[in-house]
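Chemist:
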Amino acid sequence: MRRTIGWLAAAAVVTLVFGSLYIAFQQSGRRSANVAPAAAAAAQLQLLGTSAPAVPRVELTPDSGVFVIVYGTDDNPETGTATLHGVLPVVPSGVLDTARRSGGDAVTWQPEPGLRMAVIARSSAGKVVVAGRSLAPYEATDTLVMAYLALGWFGCVLVLGAGFAASVLLGQRQRQPGIT
65 MRRTIGWLAA
75 AAVVTLVFGS
85 LYIAFQQSGR
95 RSANVAPAAA
105 AAAQLQLLGT
115 SAPAVPRVEL
125 TPDSGVFVIV
135 YGTDDNPETG
145 TATLHGVLPV
155 VPSGVLDTAR
165 RSGGDAVTWQ
175 PEPGLRMAVI
185 ARSSAGKVVV
195 AGRSLAPYEA
205 TDTLVMAYLA
215 LGWFGCVLVL
225 GAGFAASVLL
235 GQRQRQPGIT
């Protein structure tokens, strides 16, 4: 019985290690998705109040790059570099409220099914600059990391299972009379 508990404890430790690795990689990847939008929001905040040149707009897609949208004091978009179905998209008012109250907010925004964005909101003078980017590349990497870690975990559990089976078989052979 003690031998079984030892092998089960080893399997639990392996599971915890691989689970912790997955969480660490997933969180690291998700947080890195905020880096470019944070830089874009900071740059746009410096331009508030100046007459910035008009920038062509792109449609938000899972492949779209970094976008910036400036919201006025009435929570309506004033200007931006991206559209959703041809119009400037509107983030949830809670994001804008939190940015105004605390100076900033960082959320995952899903404007429609299949379109998830890492969004950074920063406020200045009553306006809120929202910058974001698609999470599709990060989610694809996350899926790949999970597959690799699952394979590694399965391999370790398989080796532990084989070791346990071998120890049980050897233990039975040693208990049989006449076997050395």
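Be aware that the sequence shown starts at 65, since it is given in this note's numbering, and climbs by one per residue.
The C-beta atom is built at its ideal place from N, Cα and C for all residues, glycine as well.
1. Under the rule that 16 or more other beta-carbon atoms within 10 Å means buried, what is L124, buried or exposed?
2. Take F89 and list the residues in its own chain whose beta-carbon comes closer than 8 Å to its own, dropping the five residues that flank it on each side.
3. Please list the terminal residues of the continuous beta strand (DSSP E) segment that includes T172.
4. What residue range is occupied by the uninterrupted beta strand (DSSP E) comprising P141?
5. Round the Cβ separation of V132 and A195 to the nearest angstrom and send it over; I've been treating them as touching at under 8 Å.
6. In chain order, what residues of the same chain have a beta carbon less than 6 Å from the beta carbon of T143, not counting five sequence neighbours either side?
7. Please classify Q108: is it buried, with 16 or more other beta-carbons within 10 angstroms of its beta-carbon, or exposed?
8. Take A103 and list the residues in its own chain whose beta-carbon comes closer than 6 Å to its own, dropping the five residues that flank it on each side.
9. In terms of alpha-carbon separation, which member of A204, G168, E203 lies closest to V29?
10. Can you grab the Cα-Cα spacing for the pair L215 / V232, in whole Å?
11. Taking all protein chains shown into account, do 16 or more other C-beta atoms lie within 10 angstroms of the C-beta of V151, making it buried, or fewer, making it exposed?
Modeler: Looking at the coordinates:
1. buried
2. Within the same chain, F89 has close Cβ partners D206, V209, L213.
3. 168 to 176
4. 141 to 144
5. 5 Å
6. V134
7. buried
8. none
9. Here the chain has residues from 65 to 244 only, and residue 29 is not among them.
10. Taking the straight line from one Cα to the other gives about 26 Å.
11. exposed
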